[in-house]
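In UniProt numbering, the protein residues as written are 1 to 323.
Encoded structure:
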């Protein structure tokens with residue numbers, strides 16, 4: 001069984017990948033999508049969204065990172081995939097699941113699920129271009145507005161050369177609205193010979209159990225569920241192995257929040273760092289009552305020094321100096 005951390009644009013950036021993979025239980029993670037239009041991107045474009053390439057394509061915790069590309073031009077995607085491999089990408093992942101309107105309007109992401117032939121052409125061209133030892137994988141939704149073509153899309157991706165498929169079990173139109181249709185993951189697995197990962201609406205260990213029962217999938221990809229509960233992968237792994245596990249407490253989570261804030265201040269401007277902190281904290285309110293109270297204090301705060309104070313960062317620094 002593999003547990004992967006999902007790529008989520010504007011949320012699971014290199015900072016959050018670093019912090020979440022420190023917790024444990026994640027076998028691999030994926031970058032936010034790198035948009036490919038009509039040219040070969042400069043190396044700086046990859047470095048911006050995948051700085052882990054400078055450290056062996058691994059997070060600081062040693063978790064392997066894959067590079068995800070998004071676009072619709074098979075040749076251009078293949079050329080950029082080859083460059084990503086030269087820069088150190090160990091796996092090339094192709095995005096056919098992004099539901100964002102701006103992305104879909106520019107012929108990227110889930111809108112391509114209307115064109116199975118193009119899906120096949122993209123994967124086949126990328127597979128043909130990148131070194132044979134580097135896997136090419138794909139992430140898809142069930143369709144644009146209906147799952148009727150999901151099996152055709154899955155066949156196109158697998159036959160094009162995708163080493164495995166991640167299936168977000170909702171259509172583009174459904175977005176992130178529950179439920180996820182895990183039964184379609186089983187139907188996809190029935191028509192392809194490559195492994196299929198289940199993705200979507202796994203927030204708890206009980207959700208994982210139901211997903212496994214309905215989808216039959218052994219491998220999973222966690223997105224918002226893991227962001228909201230950073231040790232969810234460890235919880236699931238313990239349940240799988242029949243090992244008793246005590247979920248992460250708020251006190252254990254606080255050092256991760258502080259590390260996230262430290263990196264956000266180092267890597268982002270004072271204008272954007274507070275928003276990133278609030279974004280993650282808002283998602284943590286789903287599982288931690290303490291996050292609800294802290295978010296209420298932080299939600300209208302944009303001064304970095306005051307945010308540090310509310311997070312206990314200044315106090316922590318003083319205590320460290322005394323120690």
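Each residue gets a CB set at the ideal place from its N, CA and C atoms; glycine is no exception.
*With respect to the alpha helix (DSSP H) encompassing residue 307, which residues constitute its N-terminal and C-terminal limits?*
Against the chain shown, residue 307 aligns to sequence position 307. That run of the alpha helix (DSSP H) goes 304–311.
*asked:* Using only the alpha-carbon positions, how far apart do residue 12 and residue 191 sit?
replied: Along the chain shown, read from residue 1 onward, the residue named residue 12 stands at position 12. Along the chain shown, read from residue 1 onward, the residue named residue 191 stands at position 191. Distance between the alpha carbons of residue 12 and residue 191: 31 Å.
_I'd like the span of the beta strand (DSSP E) that includes residue 236, first residue to last._
Indexing the chain shown from 1 puts residue 236 at position 236. According to the DSSP assignment, residue 236 belongs to no beta strand (DSSP E) but to the alpha helix (DSSP H) extending over 232–241.
*For residue 74, is the classification buried or exposed, using 16 other Cβ atoms within 10 angstroms of its Cβ as the cut-off for buried?*
On the chain shown, residue 74 is found 74 positions in, with the first residue counted as 1. By the neighbour-count definition (other C-beta atoms within 10 Å, threshold 16), residue 74 is a buried residue.
*Note down, in chain order, each residue of its chain lying with its Cβ closer than 6 Å to the Cβ of residue 82, except the 5 sequence neighbours on either side.*
Taking the first residue of the chain shown as position 1, residue 82 is located at position 82. Spatial neighbours of residue 82 in its own chain (CB-CB distance under 6 Å, excluding positions within 5 residues in sequence) are listed in chain order as 129, 130.
*Nearest CA to the CA of residue 256: which residue from 224, 216, 228, 245?*
By one-based count along the chain shown, residue 256 stands at place 256. Residue 256 has its Cα closest to that of 228, out of 224, 216, 228, 245.
*asked:* Let's test the definition: count the other Cβ atoms within 10 Å of the Cβ of residue 271 and tell me whether it reaches 16, buried, or not, exposed.
replied: As a working note, residue 271 is residue 271 in the chain shown. Residue environment: residue 271 is assigned as exposed (fewer than 16 neighbouring CB atoms within 10 Å of its CB, all protein chains considered).
*Taking the continuous alpha helix (DSSP H) assigned at residue 129, which residues delimit it?*
Reading the chain shown from its first residue, position 129 is the one you call residue 129. For residue 129, the enclosing alpha helix (DSSP H) has its first and last residue at 116–129.
*asked:* Considering only heavy atoms of the ligand HEM, does any lie closer than 7 Å to the CB of residue 38?
replied: Among the ligands in the structure shown, none appear at all, so the ligand HEM cannot be discussed.
*Local conformation of residue 320 per DSSP, three classes*: For the purposes of this step, residue 320 is identified with residue 320 of the chain shown, where counting begins at 1. Summary for residue 320: the model assigns pLDDT 37, below 50, so the residue's position carries little reliability, and this model does not support an answer.
*For the candidate residues 246, 160, 244, 48, whose alpha-carbon lies nearest to that of residue 193?*
As a first step, residue 193 is located in the chain shown; it is residue number 193 there, counting from the start. Of the candidates 246, 160, 244, 48, the residue whose Cα lies closest to the Cα of residue 193 is 160.
*Assign residue 170 to buried or exposed, taking buried as 16 or more other Cβ atoms, counted over all protein chains shown, within 10 Å of its Cβ.*
The residue labelled residue 170 in the question sits at position 170 within the chain shown. That one is buried.
*Nearest to residue 345 by alpha carbon, out of 33, 27, 34?*
Only positions 1 to 323 of the chain appear in this structure, which leaves residue 345 out of reach.
*Are the beta-carbon atoms belonging to residue 264 and residue 277 less than 8 Å from one another?*
On the chain shown, position 264 is the one that residue 264 refers to. On the chain shown, position 277 is the one that residue 277 refers to. With contacts defined as CB atoms closer than 8 Å, residue 264 and residue 277 qualify as a contacting pair.
*For residue 150 and residue 65, the rounded distance between their alpha carbons*: Reading the chain shown from its first residue, position 65 is the one you call residue 65. Reading the chain shown from its first residue, position 150 is the one you call residue 150. So the alpha carbons of these two residues sit roughly 27 Å apart.
*Between the beta-carbon of residue 116 and the beta-carbon of residue 152, is there less than 8 Å?*
Stepping through the chain shown from its first residue, residue 116 is reached at position 116. Stepping through the chain shown from its first residue, residue 152 is reached at position 152. Yes, the Cβ-Cβ distance between residue 116 and residue 152 is below 8 Å.
*Output the distance between the C-alpha atoms of residue 77 and residue 246, rounded to the nearest integer angstrom.*
Walking along the chain shown from the start, residue 77 turns up at place 77. Walking along the chain shown from the start, residue 246 turns up at place 246. For residue 77 and residue 246, the distance between alpha carbons rounds to 44 Å.
*Do you know how far the Cα of residue 45 is from the Cα of residue 126?*
To locate residue 126, count along the chain shown from 1; it is residue 126. To locate residue 45, count along the chain shown from 1; it is residue 45. Taking the straight line joining both Cα atoms gives about 19 Å.
*Do residue 69 and residue 36 have their CB atoms nearer than 8 Å?*
Residue 69 sits at position 69 when you count from the first residue of the chain shown. Residue 36 sits at position 36 when you count from the first residue of the chain shown. A contact, by the Cβ cut-off of 8 Å.
*Provide the residue(s) that pair with residue 33 in DSSP beta bridges, ordered along the chain.*
Position 33 of the chain shown holds residue 33. Looking at the DSSP assignment, residue 33 forms no beta bridge with any residue, so it has no partner.
_residue 189 - containing alpha helix (DSSP H), residue span_ = Reading the chain shown from its first residue, position 189 is the one you call residue 189. Element bounds for residue 189: 183–191.
*What's the gap between the Cα of residue 2 and the Cα of residue 137?*
In the chain shown, the residue the question calls residue 2 occupies position 2. In the chain shown, the residue the question calls residue 137 occupies position 137. Their backbone Cα atoms lie some 15 Å apart in a straight line.
*With distances taken between CB atoms, is the gap from residue 14 to residue 52 smaller than 8 Å?*
By one-based count along the chain shown, residue 14 stands at place 14. By one-based count along the chain shown, residue 52 stands at place 52. Yes; because the gap between Cβ atoms is below 8 Å, this pair is in contact.
*Could you work out which residue in 19, 87, 260 is closest to residue 41 when comparing CA atoms only?*
Here residue 41 is taken as the residue at index 41 of the chain shown, counted from 1. Per the C-alpha coordinates, the member of 19, 87, 260 positioned closest to residue 41 is 87.
*Proximity below 8 Å, CB of residue 226 to CB of residue 49*: Locating residue 226 in the chain shown gives position 226, where the first residue counts as 1. Locating residue 49 in the chain shown gives position 49, where the first residue counts as 1. Taking the C-beta atoms as reference points, residue 49 is found no nearer than 8 Å to residue 226.
*Residues in its own chain within less than 7 Å of residue 108 by CB, not counting five upstream and five downstream?*
The sequence position of residue 108 within the chain shown is 108, counting from 1. Closer than 7 Å at Cβ, skipping near neighbours: 35, 70, 71, 72, 98.
*asked:* On the CB-based measure, 16 or more other CB atoms within 10 Å of its CB, does residue 176 come out buried or exposed?
replied: Taking the chain shown and counting its residues from 1, one reaches residue 176 at position 176. Exposed, because fewer than 16 other Cβ atoms sit within 10 Å of the Cβ of residue 176.
*What are the boundary residues of the alpha helix (DSSP H) that includes residue 298?*
Mapped onto the chain shown, residue 298 falls at position 298. Element bounds for residue 298: 289–298.
*Between 286, 143, 235, 31, which lies nearest to residue 188 when the distance is taken from Cα to Cα?*
In the chain shown, the residue the question calls residue 188 occupies position 188. Closest in alpha carbon position to residue 188, among 286, 143, 235, 31, is 143.
*Apart from the five residues on each side of it in sequence, which residues of its chain come closer than 8 Å, Cβ to Cβ, to residue 165?*
Counting from one through the chain shown, the residue named residue 165 turns up at place 165. Counting only Cβ-Cβ distances below 8 Å, and skipping sequence neighbours, we find 137, 138, 139, 140, 154, 157, 158, 188, 192, 194, 195, 196, 197.
*Assign residue 101 to one of two classes, buried (16 or more other C-beta atoms within 10 Å of its C-beta) or exposed (fewer than that).*
In the chain shown, the residue the question calls residue 101 occupies position 101. Burial is judged here by how many other beta carbons sit within 10 angstroms of a residue's own beta carbon; residue 101 has fewer than 16 and is exposed.
*Do residue 213 and residue 207 have their C-beta atoms closer together than 8 Å?*
Taking the chain shown and counting its residues from 1, the one referred to as residue 213 is at position 213. Taking the chain shown and counting its residues from 1, the one referred to as residue 207 is at position 207. Going by C-beta atoms, residue 213 is not nearer than 8 Å to residue 207.
*Separation of residue 249 from residue 216, as counted between CA atoms*: Here residue 216 is taken as the residue at index 216 of the chain shown, counted from 1. Here residue 249 is taken as the residue at index 249 of the chain shown, counted from 1. Each residue's CA atom was taken as its position, placing residue 216 and residue 249 some 31 Å apart.
*Determine the contact status of residue 168 and residue 147, defining contact as a CB-CB distance below 8 Å.*
Here residue 168 refers to the residue found at position 168 when the chain shown is read from its first residue. Here residue 147 refers to the residue found at position 147 when the chain shown is read from its first residue. No, Cβ-Cβ distance for residue 168 and residue 147 is not below 8 Å.
_Quick check on the burial criterion: 16 or more other C-beta atoms within 10 angstroms. Buried or exposed for residue 351?_
As shown, the chain starts at 1 and ends at 323. That puts residue 351 outside it, with no answer to give.
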